[in-house]
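From first to last, the protein sequence lines stand for chains A and B.
Following this note's numbering, the numbering of the first sequence begins with 41 at its first residue and continues without gaps.
Following this note's numbering, the numbering of the second sequence begins with 43 at its first residue and continues without gaps.
Using N, Cα and C, we set each Cβ at its ideal position, and we do this for glycine too.
Working notes, structure below.
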Amino acid sequence: MPAILLIEDDPLVRRGLQLALSRHGHDVRTADTGEDGLAELRSSMPDLVVLDLMLPGIDGFEVCRRIRAAGEIPVIILTARGDDFDVVGGLEAGADDYVVKPARPTVLDARIRAVLRRSTGASDGVRVHRDLRIDTTALTVSLHGRPVTLTPTELRLLLTLSAAPGRVFTRQRLLEEVWEHDYLGDSRLVDNCVQRLRAKIEADPATPAYVQTVRGFGYRFGPV
Amino acid sequence: MTRRLWPRGLRARLVVAFVLVTVLGAAAAAWSSAGSASTALVASAQRRLTETIAGQIRAITPQLAYPPDQGTLDRLRAAVGPNTLVTYRNLRSADGAGTGLVTDALRTAVRARNRLVTQRITANGRPWLLVGAPIMITASDGGRTPSGIEVYAVRDLSGVERQVDGLARSAAGTAALALPLAMLLALLAAGSVLRPVRELRDTARRLAAGDLDARSPPQGADELAELTVTINEMAASVQASMAVMRRMQADARRFAADVSHELRTPLSTLTAVVEVLATVTDEMEPDARESAQLAITETHRLVRLVEDLMEVSRFDAGTVRLRVEETDVARAVRDCLRTRGWLDRVDLVAPEEILLRVDRRRLDVIVANLVGNALRHGEPPVRVHVSASREQVRIEVTDGGPGLPERVLPHVFDRFYKADAARTRTPGSGLGLAIALENARLHGGDLTAGNADGGGARFVLELPRDLEDR
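Here's what the structure looks like:
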């Protein structure tokens, strides 16, 4: 049973989402402030955090940054529709995905499951590309022999791209394969995740060797 | 069209009026002074000639023998000068062609009055002075009787006439000299009147263009300055009213945005729990089940309404941003229909691929709204036709229903406009078409409503191909 930490300040919304997500089979713990949430995170080590950006005290963006700094736990943020500031800010703070409020539990559940599925690999062995070693069974990545810690989304993106080196993936295709979004998926999710991934595996993120941009189309792995 | 003789411009009118008045005044003054001068000239010339003749006659008379013979008459004529006629009964002595001009009227007057008589005539195109004088005999007792000798002198007045003409010419010259001066003065006067008028015009133009801070500084204390002050007051009052209206409008918009925002929190709870409710409706009593289903349906409707209200608020506040991406419009339309399960209810005519830079989510909102409306309010067949030209991409949505009534057409994009008062409970929020239109315009395109030739409503979305990133 996946353990979810829900950080939401409004008690009724928090309780409602907890009830609904529990019926979808999740073990839902809750916190009403960012500070409580971060404390709960350390003590209970959930599989995923659902984070409302509008919080008293330290705001959702800061909470997201601290979660990301603390480890690789996936974060799904709750944002207002059409509020690009929320979306962009949340993704830059390291969120893996976002759901627009008022969030439908079925939609939220689908996103949670999609994010958690990313932790399962293709299991076709070890791929070695120059200095990068990707173990698709153990789901570990190392660069120059040193382990690189990736979030499940970053890992899934790297696995998807590296499964077919040289092949161009459109953002649309990546949204469907990695994020399991429908045709209206937000391509900023891809761009943000690519940037974070490059920061971790590229020697010079400005001139990437592994995850390359194909202008006007999308991304490809290599050619290394 | 007839040409106007009276010019339109204020400056031209002022100049024309000024010049007319000046020239007429100068001409009248010159005319009257030239007239009186010429009268005086003629009178003095006449007096001088008359006195000369009278003096000559007086000087010669004592030497004349009486009764005179032809020689006496000739001497008398020679003493008076050329162009002179002297008569005594049947005797006459004449010299010069002018003597033929002596009139009978003059002779009669001389004989009747027994004294010197003058007459002015014009002959052969020239003015002449006729002087007639009887020679009187003075008796030893001092009594005077006419001798019967009559002297008639004819004198040319052309010289005087030339002088008079000269006077008139110099008067006209003076008037002509006044003309440029008058023109200059008129331009100066027009300028002093027109400068404030032009400033007022510029101010009025800026006000009309929406610059409510525009004012003209009043100068002096004349009527134009009063007009300037009045216009400034008017502008200030308009500005104040506009500020109040803007504030009220902003308040109303903020209120709508705040209300929708506040509604979203309880709606988040409701959205979460009605799904829990939905999973257990099968185990409920029929009444309870129906109630639960109503609650679920209405919650979803409320969510849509609040989302649409917030979207409208964002359009009103101008905070909406386009997120354009290279998109295959034909595929986006197909995806839109497919995800909503409409593909088998809609005839889609679209070419293979139409690439266009659009905000995909907003395009989806527009198409879903148009097709959703056609399926709900129209009748089958519902058709979606996607086509592209060099300048634009066109998406046409038609249905096979009776079409939109004429009275409805101007209002279909109005917020909360209901075409049919009885059909108020439609699943839409009443904002869908308003939002669709705003989205089309945000792309620099347009959305129009009308009826197809064979009946049936037709909505046409046109998106330009050259949309720059916004």
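**Q.** Reference B/Y194, options B/F357, B/A121 and B/A298, closest by Cα
**A.** The candidate whose alpha carbon is nearest that of B/Y194 is B/A121.
Q | 9 Å Cβ cut-off: residues of chain A touching B/S431 | A | Contact note: B/S431 does not reach chain A at a C-beta cutoff of 9 Å; the least C-beta distance is about 23 Å.
Q) At a cut of 8 Å, does the stretch 108–116 of chain A reach the stretch 208–216 of chain A through at least three beta carbon pairs? A) Counting C-beta pairs closer than 8 Å gives fewer than three between the stretch 108–116 of chain A and the stretch 208–216 of chain A, which falls short of the contact rule.
Q: Could you pull out every residue in the same chain whose Cβ sits closer than 6 Å to the Cβ of A/P205, ignoring the five residues on either side in sequence?
A: Around A/P205: F261 and G262.
Q) Can a CB atom of chain A be found closer than 9 Å to the CB of B/V424? A) No, its Cβ sits nowhere closer than 9 Å to a Cβ of chain A.
Q: Measure the CB-CB distance between B/L503 and B/E448 and report whether it falls below 9 Å.
A: For B/L503 and B/E448, no; Cβs fall outside 9 Å.
Q: Take every Cβ of the stretch 49–64 of chain B, pair it with every Cβ of the stretch 197–207 of chain B, and state whether three or more of those distances are shorter than 8 Å.
A: In short, these stretches do not touch, since the Cβ pair count stays below three.
**Q.** Beta carbon of A/L214 nearer than 9 Å to that of A/L201
**A.** Yes. Within cutoff.
Q. What residue ranges within the stretch 128–212 of chain B form continuous alpha helix (DSSP H) runs of no fewer than 4 residues, ordered along the chain?
A. Counting only runs of 4 or more, we get 146–155.
(Q) For a test of the three-state rule: what should DSSP assign to B/T103, helix, strand or coil? (A) Helix at B/T103.
Q.
For a contact defined as C-beta to C-beta under 7 Å, what are the partners of A/T146 on chain B?
A. Against chain B, a Cβ distance below 7 Å from A/T146 picks out E317.
(Q) Using a 10 Å radius around the Cβ and a threshold of 16 neighbouring Cβ atoms, would you call A/Q252 buried or exposed? (A) Under a 10 Å Cβ-count criterion, A/Q252 is classified as buried, with 16 or more other Cβ atoms of the shown protein chains found around its own Cβ.
Q) Can you tell me whether DSSP reads A/A243 as helix, strand or coil? A) Collapsing the DSSP output to three states places A/A243 in coil.
Q) Quick one: what's got a C-beta closer than 7 Å to B/A217's C-beta in the same chain, skipping five residues either side? A) Spatial neighbours of B/A217 in its own chain (CB-CB distance under 7 Å, excluding positions within 5 residues in sequence) are listed in chain order as V65, A68, A69 and A72.
(Q) Can you tell me whether B/P259 is helix, strand or coil according to DSSP? (A) B/P259 falls in the coil class under three-state DSSP.
Q) How big is the Cα-Cα spacing for B/D350 and B/L266? A) C-alpha separation (whole angstroms): 54 Å.
**Q.** Beta-carbon neighbours of B/R306, restricted to chain A and to distances below 8 Å
**A.** Near B/R306 (Cβ distances below 8 Å), the residues of chain A are A120, K141 and P142.
Q: Determine which residues of the stretch 47–60 of chain A have a Cβ less than 8 Å from any Cβ of chain B, and write them out in chain order.
A: Within the stretch 47–60 of chain A, those residues whose Cβ lies closer than 8 Å to any Cβ of chain B are, in chain order, D50, L52, V53, R55, G56, L57, L59 and A60.
Q) Taking DSSP as the reference, what is the three-state secondary structure of B/D401? A) In the displayed model, B/D401 falls within coil according to three-state DSSP, outside both helix and strand.
Q: Answer with yes or no whether the minimum CB distance from B/L312 to chain A is below 9 Å.
A: Taking 9 Å as the CB threshold, B/L312 lines the interface with chain A.
Q. Measuring CA to CA, which of A/I152, A/V188, A/F257 and A/D171 is closest to A/V90?
A. Nearest C-alpha to A/V90 among A/I152, A/V188, A/F257 and A/D171: A/I152.
Q.
Less than 8 Å separating the Cβ of B/A330 from some heavy atom of the ligand GTP?
A. With respect to the ligand GTP, the structure offers nothing, as it holds no ligand at all.
Q) Would DSSP call B/A299 helix, strand or coil? A) Of the three classes helix, strand and coil, the one that applies to B/A299 here is helix, per DSSP.
**Q.** Same chain only: Cβ atoms within 7 Å of A/C233, ignoring 5 sequence neighbours per side
**A.** Apart from the 5 residues on each side of it in sequence, A/C233 sits with its Cβ closer than 7 Å to the Cβ of T193, E194 and L197 in its chain, given in chain order.
**Q.** Where the stretch 67–83 of chain A meets chain B: residues whose CB sits under 7 Å from a CB there
**A.** Listed by position, the residues of the stretch 67–83 of chain A near chain B (Cβ gap below 7 Å) amount to none.
Q) Taking the C-alpha atoms as reference points, what is the distance between B/G443 and B/F501? A) So the two alpha carbons sit approximately 13 Å from each other.
Q.
Can you pull the chain B neighbours of A/L224, defined as C-beta to C-beta under 7 Å?
A. For a Cβ distance threshold of 7 Å, residue set R402, R403 and D406 of chain B lies close to A/L224, ordered along the chain.
Q: With DSSP collapsed to three states, give me the class of B/F517.
A: No information on residue 517 of chain B is available, as it lies outside the stretch 43 to 512 that chain B covers here.
Q. In this structure, does DSSP put B/P238 in helix, strand or coil?
A. In the three-state reduction of the DSSP assignment, B/P238 falls in the helix class, which pools H, G and I.
**Q.** Beta-carbon proximity of B/S310 to A/A178, cut-off 9 Å
**A.** Result no, Cβ atoms of B/S310 and A/A178 do not sit closer than 9 Å.
(Q) Buried or exposed, going by whether 16 or more other CB atoms sit within 10 Å of the CB of B/R197? (A) When all chains shown are included, B/R197 counts as buried.
Q: Using a Cβ-Cβ cut-off of less than 9 Å, give me the residues of the stretch 347–375 of chain B that come near chain A, in sequence order.
A: Residues V348, E349, M352, E353, R356, T361, V362, R363, R365, E367, E368, R373 and A374.
Q: Select from the stretch 263–274 of chain B all residues with a C-beta closer than 8 Å to any C-beta belonging to chain A, and list them in chain order.
A: Per Cβ criterion, the list is empty.
Q) Under 9 Å between the Cβ atoms of A/I44 and A/G100? A) The Cβ atoms of A/I44 and A/G100 lie no closer than 9 Å to each other.
Q.
Is the beta carbon of B/E241 closer than 9 Å to that of B/V258?
A. Here residue 258 of chain B turns out to be Ser, not Val, going by the sequence shown. Yes, the pair counts as a contact, with Cβ atoms nearer than the cut-off.
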